[in-house]
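In what follows, a structure is listed as C-alpha coordinates, so that the remarks can point back to it.
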Amino acid sequence: AIAFFKTTGGNITSKIPMEFLSEEEKESLNSNNTEEPFRISLYKMFLFIAISDAIKSGTLNLKYSYRYRAFNDYLIDFVEYNKTKETQLERHGLIPLKDFDSVSKELRGSLDSIYRNVNANVTKGINEYFHPKGDGSFMVTTPKLDKDEELEGLYTGYK
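Residue numbers (the numbering used here): 1 to 159.
Pasting the structure below:
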(Lines of atoms letter the chains of each structure in order from A and count residues from 1; the text may use other names and numbers.)
(Lines give C-alpha, C1' and ligand atoms only; values in the text may rest on other atoms or scores of the structure.)
Protein backbone atom coordinates (compact mmCIF):
# COMPACT_ATOMS: atom_id res chain seq x y z
CA ALA A 1 0.00 0.00 0.00
CA ILE A 2 2.88 2.36 0.79
CA ALA A 3 4.63 1.63 -2.51
CA PHE A 4 1.35 2.16 -4.38
CA PHE A 5 0.76 5.45 -2.57
CA LYS A 6 4.29 6.61 -3.46
CA THR A 7 4.07 5.61 -7.13
CA THR A 8 0.73 7.36 -7.61
CA GLY A 9 1.93 10.48 -5.81
CA GLY A 10 -0.85 10.11 -3.27
CA ASN A 11 -3.57 9.98 -5.91
CA ILE A 12 -6.03 7.23 -5.09
CA THR A 13 -7.22 5.10 -8.02
CA SER A 14 -9.61 2.17 -8.28
CA LYS A 15 -6.72 -0.31 -7.94
CA ILE A 16 -5.70 0.65 -4.41
CA PRO A 17 -4.40 -2.09 -2.12
CA MET A 18 -6.82 -2.84 0.70
CA GLU A 19 -5.27 -5.97 2.25
CA PHE A 20 -4.24 -4.09 5.38
CA LEU A 21 -7.82 -2.98 6.12
CA SER A 22 -10.32 -4.85 8.27
CA GLU A 23 -13.70 -5.76 6.76
CA GLU A 24 -15.36 -3.02 8.80
CA GLU A 25 -12.88 -0.43 7.51
CA LYS A 26 -13.39 -1.58 3.91
CA GLU A 27 -17.16 -1.22 4.26
CA SER A 28 -16.86 2.25 5.79
CA LEU A 29 -14.97 3.49 2.71
CA ASN A 30 -18.06 3.27 0.51
CA SER A 31 -20.47 6.15 0.85
CA ASN A 32 -23.97 6.89 -0.42
CA ASN A 33 -22.78 10.22 -1.76
CA THR A 34 -22.87 10.20 -5.58
CA GLU A 35 -20.18 12.87 -5.81
CA GLU A 36 -17.75 10.78 -3.79
CA PRO A 37 -18.80 7.10 -3.78
CA PHE A 38 -15.42 6.16 -2.31
CA ARG A 39 -14.17 8.06 0.74
CA ILE A 40 -10.59 8.85 -0.26
CA SER A 41 -9.76 10.89 2.83
CA LEU A 42 -10.87 8.04 5.07
CA TYR A 43 -8.72 5.57 3.11
CA LYS A 44 -5.69 7.84 3.56
CA MET A 45 -6.43 8.10 7.27
CA PHE A 46 -6.60 4.28 7.60
CA LEU A 47 -3.35 3.99 5.63
CA PHE A 48 -1.53 6.49 7.85
CA ILE A 49 -2.83 4.81 11.02
CA ALA A 50 -1.63 1.43 9.71
CA ILE A 51 1.78 2.95 8.92
CA SER A 52 2.00 4.49 12.38
CA ASP A 53 1.06 1.21 14.07
CA ALA A 54 3.60 -0.69 11.96
CA ILE A 55 6.38 1.75 12.86
CA LYS A 56 5.54 1.52 16.57
CA SER A 57 5.43 -2.28 16.50
CA GLY A 58 8.69 -2.56 14.56
CA THR A 59 7.16 -4.27 11.53
CA LEU A 60 7.93 -1.17 9.44
CA ASN A 61 11.35 0.45 9.76
CA LEU A 62 12.52 3.82 8.53
CA LYS A 63 15.86 3.83 6.75
CA TYR A 64 16.85 7.38 7.73
CA SER A 65 15.47 7.46 11.25
CA TYR A 66 17.51 7.11 14.41
CA ARG A 67 14.57 5.96 16.47
CA TYR A 68 12.71 3.64 14.08
CA ARG A 69 15.44 1.78 12.22
CA ALA A 70 15.63 -1.98 11.90
CA PHE A 71 17.05 -3.57 15.06
CA ASN A 72 20.12 -4.93 13.25
CA ASP A 73 21.07 -1.41 12.16
CA TYR A 74 21.89 -0.61 15.79
CA LEU A 75 24.24 -3.58 16.15
CA ILE A 76 27.89 -3.96 15.27
CA ASP A 77 28.22 -5.68 11.90
CA PHE A 78 28.59 -9.46 12.45
CA VAL A 79 31.77 -9.81 10.38
CA GLU A 80 33.30 -6.71 12.00
CA TYR A 81 32.43 -8.00 15.48
CA ASN A 82 34.05 -11.38 14.84
CA LYS A 83 37.23 -9.65 13.63
CA THR A 84 37.42 -7.35 16.68
CA LYS A 85 35.66 -9.49 19.31
CA GLU A 86 38.51 -9.51 21.86
CA THR A 87 39.09 -5.77 21.50
CA GLN A 88 35.38 -5.01 21.84
CA LEU A 89 35.01 -7.17 24.95
CA GLU A 90 38.12 -5.66 26.54
CA ARG A 91 37.14 -2.08 25.67
CA HIS A 92 33.76 -2.48 27.33
CA GLY A 93 34.98 -4.45 30.34
CA LEU A 94 33.17 -7.63 29.33
CA ILE A 95 36.06 -10.13 29.26
CA PRO A 96 34.72 -11.89 32.42
CA LEU A 97 31.44 -12.49 30.55
CA LYS A 98 33.15 -14.09 27.54
CA ASP A 99 32.52 -17.70 28.57
CA PHE A 100 28.73 -17.86 28.36
CA ASP A 101 28.43 -21.35 29.84
CA SER A 102 30.21 -20.44 33.09
CA VAL A 103 28.41 -17.09 33.40
CA SER A 104 25.05 -18.76 32.72
CA LYS A 105 25.73 -21.49 35.28
CA GLU A 106 26.68 -18.93 37.93
CA LEU A 107 23.65 -16.76 37.20
CA ARG A 108 21.29 -19.75 37.29
CA GLY A 109 22.68 -20.70 40.70
CA SER A 110 22.26 -17.16 42.01
CA LEU A 111 18.74 -16.90 40.62
CA ASP A 112 17.76 -20.27 42.09
CA SER A 113 19.04 -19.17 45.50
CA ILE A 114 17.11 -15.89 45.28
CA TYR A 115 13.88 -17.69 44.30
CA ARG A 116 14.26 -20.13 47.21
CA ASN A 117 14.81 -17.23 49.63
CA VAL A 118 11.81 -15.25 48.32
CA ASN A 119 9.53 -18.29 48.37
CA ALA A 120 10.62 -19.15 51.93
CA ASN A 121 9.88 -15.58 53.06
CA VAL A 122 6.45 -15.69 51.38
CA THR A 123 5.67 -19.00 53.10
CA LYS A 124 6.76 -17.59 56.49
CA GLY A 125 4.71 -14.44 55.88
CA ILE A 126 7.70 -12.12 56.26
CA ASN A 127 7.93 -10.87 52.66
CA GLU A 128 6.65 -7.29 52.97
CA TYR A 129 6.14 -6.93 49.22
CA PHE A 130 3.89 -9.99 48.77
CA HIS A 131 0.20 -9.48 49.59
CA PRO A 132 -2.16 -12.47 49.27
CA LYS A 133 -5.77 -11.78 48.31
CA GLY A 134 -8.86 -13.65 49.46
CA ASP A 135 -9.52 -15.16 46.03
CA GLY A 136 -6.17 -17.01 45.95
CA SER A 137 -4.39 -14.43 43.82
CA PHE A 138 -1.77 -12.02 45.10
CA MET A 139 -0.33 -8.57 44.57
CA VAL A 140 3.34 -7.62 44.62
CA THR A 141 4.41 -4.10 45.52
CA THR A 142 7.90 -2.75 45.02
CA PRO A 143 9.53 0.37 46.42
CA LYS A 144 10.71 3.06 44.03
CA LEU A 145 14.46 2.88 43.46
CA ASP A 146 16.95 5.57 42.59
CA LYS A 147 18.79 5.11 39.27
CA ASP A 148 22.01 4.09 41.06
CA GLU A 149 20.17 1.42 43.06
CA GLU A 150 18.60 -0.05 39.93
CA LEU A 151 21.99 -0.71 38.36
CA GLU A 152 23.72 -1.73 41.58
CA GLY A 153 24.67 -5.38 41.55
CA LEU A 154 23.99 -6.05 37.88
CA TYR A 155 27.63 -6.78 37.21
CA THR A 156 28.57 -8.08 40.64
CA GLY A 157 31.67 -10.21 40.29
CA TYR A 158 32.32 -9.17 36.70
CA LYS A 159 34.20 -5.89 37.11
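Backbone N, C-alpha and C fix where the C-beta goes; we use that ideal spot for every residue, glycine too.
On a predicted model such as this, the values are computed, not experimentally measured, just so you know.
{"Item": "Please confirm whether Ile51 and Leu60 have their CB atoms less than 8 Å apart.", "Value": "yes"}
{"Item": "Given that a residue counts as buried once 16 or more other Cβ atoms are within 10 Å of its Cβ, and exposed if not, what is Leu111?", "Value": "exposed"}
{"Item": "Roughly how many whole angstroms lie between the Cα atoms of Ile163 and Ile40?", "Value": "Look at the range of the chain in this structure, 1 to 159, and you will see that residue 163 is not part of it."}
{"Item": "Taking Glu36 as the reference, give the member of Phe5, Ile12 and Phe46 with the closest Cα.", "Value": "Ile12"}
{"Item": "Our contact map puts Thr141 next to His131 with C-beta atoms below 8 Å; I'd like the distance itself, whole angstroms only.", "Value": "7 Å"}
{"Item": "Would a C-beta distance cut-off of 8 Å place Arg167 and Leu62 closer than the cut-off?", "Value": "Here the chain has residues from 1 to 159 only, and residue 167 is not among them."}
{"Item": "At what residues does the alpha helix (DSSP H) containing Met45 begin and finish?", "Value": "Ile40 to Ser57"}
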